[in-house]
Structure formats: C-alpha cells, structure tokens
C-alpha cells in the first residue's frame, strides 16, 4: 500500500516573480487592501494617484523583505484628509519592477 500523506509543509512559498494584485474590495469605502509579492528584499514604494496623475498619498516607502505583503489604504491623502469619490491608481515601484492598477472609491 502507498503511504498517505498526513501533514502539510507549513513553510511559506517564496515568490519567484513580482506581482501586484487587484485591490480588494473594489469599489471600496472606506478601506481596501493591496497585495503584492517580491522575490527578493529591496526598496518598495506604493503611491496613490488621482485621475489627473497627481500623487495623493504614499502607502509604503522603504525596504521590504522578499515575500507576499498586504498594505491597507484608508482613502486618506498624505495629510490625513478623506479623498473624494473617484478613480484612483496605485503604483508599486522597485528598482527592478513597476506596475500600476486602477481602483474606485465610492462613498
């Protein structure tokens, strides 16, 4: 008889590529989560832009370990004021990768 596996290896799987997932929930009010993965420890910036391309907030700006990470956006700008309803873009930037996605804030 073949042995039946009875345990799962709990070691997290290291991402082998970069990814930026669609925020969830989307549309959102007042908070949403942004998930991204990086295959190596490096500097990461996540900025939020309005429909005019103006930067309205920075969610992350620093060195991040390799892996999958979740950042929460609370629909506030850099000075803590709530942003108006509208389309926004979030951009993940590293020295080796950049990606942008669209999200919708509905009040």
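In the numbering used here, the protein residues as written are 48 to 154.
Virtual Cβ for every residue (Gly too), placed ideally from N, Cα, C.
When DSSP builds the beta bridges, which residues end up paired with residue i?
i, result
"residue 84", "66, 115"
"residue 154", "Answer is none; residue 154 lacks a bridge partner."
"residue 94", "105, 138"
"residue 79", "120"
"residue 129", "123"
Could you check what DSSP says for residue i in three-state terms: helix, strand or coil?
i, result
"residue 149", "strand"
"residue 60", "coil"
"residue 110", "strand"
"residue 100", "coil"
Roughly how many whole angstroms lie between the Cα atoms of residue i and residue j?
i, j, result
"residue 145", "residue 108", "14 Å"
"residue 97", "residue 103", "7 Å"
"residue 76", "residue 149", "15 Å"
"residue 63", "residue 113", "9 Å"
"residue 100", "residue 82", "22 Å"
Let me know if residue i comes out buried or exposed under the rule of 16 or more other beta-carbons within 10 Å of its beta-carbon.
i, result
"residue 126", "exposed"
"residue 135", "buried"
"residue 67", "buried"
"residue 137", "buried"
For residue i and residue j, which I take to be in contact (beta-carbon distance under 8 Å), what is that distance rounded to the nearest angstrom?
i, j, result
"residue 105", "residue 94", "5 Å"
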